[in-house]
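Below is one structure, written out as structure tokens; comments come after it.
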Amino acid sequence: MSTSITSLYVFEKRLYEKDSAFNKFRFLSDEDIDKVDKDIESRFLSKGLSGLALYNAVLEYLTFSGIGAYIPDYDIRLLYLIRTVDKNLVSLSTYLNIDIPSLNGIDSESSDMVKSIREHNLALLRSRIRKELGFYAPKLVSYEFAFFKKFICDKELMCCGNKSHFNKLMKGYLGKMDFMSISKEDEDRLIDIVMWYKDKMAGNVDANVVAFNILNQNNLLNLKNFTEQLAFFISVADDNLRLLTIYEEESRMPEVKRRSLEELGFYSENLIMLEKAYHERFNPDKKLSLWSV
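When we follow the working numbering, the leftmost residue of the sequence shown carries the number 11, and every step to the right adds one.
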């Protein structure tokens with residue numbers, strides 16, 4: 011093992027072993043970010059360091075060689091790390107765009123396939139992050155998510171998401187949805203939110219991203235409850251009710267699923283039921299397909 015790799019391992023171990031002291035940036039402010047950014051500019055970026063060399067330098071500063079090793083607030087140290095080596099949260103956004111299946115609750119028949127998919131996608135994650143940053147640090151993802159929740163979540167839409175976010179949103183539906191409870195006033199407000207969202211996304215709407223935004227950025231969307239969240243999801247991700255149309259055109263559920271994944275990129279039996287209720291509430295006179303009665 012080379013000296014540089016050994017040193018990097020020691021630096022990482024020394025910084026990350028204090029993880030239990032992490033307060034998820036709860037007590038930090040935008041002013042703290044400004045102070046850290048100014049120090050980073052003069053201390054690191056002005057030296058022209060990048061990639062692995064920059065990561066190594068800031069780790070050494072925060073653990074051994076500089077005053078950073080004596081910063082009492084562990085959250086400030088992690089703020090230094092993120093703002094120096096991954097200011098644009100590349101690690102987090104890459105992670106959020108790749109579906110890495112959990113092994114929890116997987117039956118024995120499916121375990122080998124799920125493990126294979128998981129290993130492949132983890133390798134893809136490492137490869138993409140290394141290509142963008144010049145290094146891969148698994149711990150960064152959780153720290154960057156905490157940074158996102160504290161400083162970005164309620165201010166700026168994050169254009170990331172994978173099918174696990176879509177599946178999580180759909181699992182929240184327990185078999186009955188009363189879209190009729192949405193008043194005309196709230197319907198008008200929802201229309202405004204949908205138009206604002208589509209404008210922000212510049213027309214590039216992805217169901218997984220919409221689900222992520224609903225699950226993690228609802229304060230920014232200002233949706234009052236789960237009923238409004240699902241109405242918003244359908245209005246944005248499938249406003250023409252293509253999934254319901256496919257369901258009415260096909261006689262077999264495997265074909266419904268195949269076509270939906272092929273044409274829409276997503277599928278959920280729960281969403282079919284939701285779109286039926288949505289159709290009855292918001293557009294009952296619209297003919298969905300040639301087969302509609």
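Using N, Cα and C, we set each Cβ at its ideal position, and we do this for glycine too.
Practice prompt. Assign Leu300 to one of three DSSP states: helix, strand, or coil.
Written response: Confidence at Leu300 is low in this model, with a pLDDT of 37, below 50, so the placement of that residue should be treated as unreliable; the coordinate-derived value is given next. Coil.
Fill in: Cα-Cα separation between Asp237 and Val20, rounded to whole angstroms
Before going further, note that residue 237 is Thr rather than Asp in the sequence given. Rounded to the nearest angstrom, the two C-alpha atoms are 50 Å apart.
Fill in: Buried or exposed (CB count within 10 angstroms, at least 16 for buried), His175
buried
Practice prompt. Pick helix, strand or coil for Ile116, following the three-state DSSP scheme.
Written response: coil
Worksheet entry | Member of Glu260, Tyr257, Ala217 whose CA lies at the smallest distance from the CA of Asn177 | Ala217
Item to complete: With DSSP collapsed to three states, give me the class of Met180.
Response: helix
Worksheet item: In three-state terms, what does DSSP make of Gly78?
Response: helix
Worksheet item: What are the boundary residues of the alpha helix (DSSP H) that Tyr84 is part of?
Response: 84 to 95
Worksheet entry | 8 Å CB neighbourhood of Leu134 in its chain, flanking five on each side removed | Ile108
Worksheet item: Taking all protein chains shown into account, do 16 or more other C-beta atoms lie within 10 angstroms of the C-beta of Arg245, making it buried, or fewer, making it exposed?
Response: It should be pointed out that residue 245 corresponds to Ser in this sequence rather than to Arg. Flag for Ser245 reads buried.
Item to complete: Could you tell me the distance, in whole angstroms, from the CA atom of Arg269 to the CA atom of Glu129?
Response: 28 Å
Worksheet item: Terminal residues of the continuous alpha helix (DSSP H) containing Asp47?
Response: 40 to 53
Worksheet entry | Pairwise C-alpha distance: Phe243 and Glu166 | 18 Å
Worksheet item: Start and end of the alpha helix (DSSP H) containing Lys286?
Response: 279 to 292
Worksheet item: By a C-beta neighbour count over all protein chains shown, 10 Å radius and 16 as the cutoff for buried, is Ser126 buried or exposed?
Response: exposed
Worksheet entry | The alpha helix (DSSP H) enclosing Leu64, as first and last residue numbers | 61 to 70
Worksheet entry | Lys173 in three-state terms, based on DSSP | helix
Worksheet item: Can at least three beta-carbon pairs, one atom from the region 48 to 55 and one from the region 98 to 112, be found at a separation below 8 Å?
Response: no
Discussion item. Suppose the cutoff is 6 Å on Cβ atoms and the five residues either side in sequence are ignored; what does the same chain contact list for Arg136 look like?
Written reply: Tyr146
Discussion item. Please return the same chain residues whose Cβ sits closer than 8 Å to the Cβ of Lys208, not counting the five positions on each side in sequence.
Written reply: Val215, Val246
Item to complete: Please report the Cβ distance between Leu113 and Val124, rounded to the nearest whole angstrom; I am assuming they are in contact, meaning their Cβ atoms lie under 8 Å.
Response: 6 Å
Worksheet item: Over what stretch of residues does the alpha helix (DSSP H) that includes Phe155 continue unbroken?
Response: 149 to 157
Fill in: Helix, strand or coil at Ile192 [DSSP, three-state]
coil
Item to complete: May I ask which residues mark the beginning and end of the alpha helix (DSSP H) holding Arg268?
Response: 263 to 273
Worksheet item: Whole alpha helix (DSSP H) runs in the region 204 to 274 with 4 or more residues, listed along the chain?
Response: 217 to 226, 228 to 231, 236 to 247, 252 to 259, 263 to 273
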